[in-house]
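Residue numbers (the numbering used here): -10 to 224.
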């Protein structure tokens, strides 16, 4: 999320340099570094060097447990949550002031083409979308981080459970945010639902030798008959 925020800021503040900074190769390198740094934070507890990973019966969750009275939770809170949030807040603040300043300059100009105006409007909508996602991310993960740092001894396990549920909810709210704030996502979801509704493969469920959803008048309808019932004389 920090990388996306910096990407948005670069696009708005340094538009001329954006295509040079975010080439395909550089984007892949950035993605690789993001994964390496994220995984690197978990290497010490994973190897048991600093804390350890295990099951906590009080919160019914697999988490970082202390080892030899040492735990990296507070450091992970600072470098994995607080510092990224600070970078995101500063970046969005800079984006806001940059957009506000740009609007003031463009108010008195009439030479702005329709295409450029639409592009700036789309960029503004995308920035608003990312800000909404960040605020929801903050609402989901901040309670868990606070509980892990402030109540390391798990005096109130039920609060930890509620905070964990909020953190898990972050996995499902993003599609809802996309649908609520972006008409392109709404159109894509609508097309997907129409495809699932109209696709005969998705609707067709075979039960025995009869296909559910087909009437007896359909040319594809095949009814299984009992030969003994149709020809009782063969007994």
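Glycine included, each C-beta is placed from N, C-alpha and C at the ideal position.
Under DSSP, residue 50 shares a beta bridge with 45. With a cutoff of 8 Å on beta-carbon distance, residue 163 and residue 118 are scored as not near each other. Going by DSSP, residue 163 is part of the alpha helix (DSSP H) stretching over 146 to 170.
DSSP places residue 11 in no alpha helix (DSSP H); its state is neither H nor E.
Between the beta-carbon of residue 63 and that of residue 41 there is about 16 Å, and that puts the pair past the 8 Å contact cut. The Cβ atoms of residue 120 and residue 81 lie closer than 8 Å to each other. Around the beta-carbon of residue 152, 16 or more other beta-carbon atoms lie within 10 Å, marking it buried. Taken through DSSP and simplified to helix, strand or coil, residue 119 comes out as helix. The three-state secondary structure of residue 134, taken from DSSP, is helix. Rounded to the nearest whole angstrom, the C-alpha separation of residue -4 and residue 71 is 20 Å. A distance below 8 Å between beta-carbons, with the five flanking residues on each side excluded, links residue 166 to the following residues of its chain, in chain order: 118, 121, 122, 125.
For residue -9, the enclosing alpha helix (DSSP H) stretches over residues -9 to 2.
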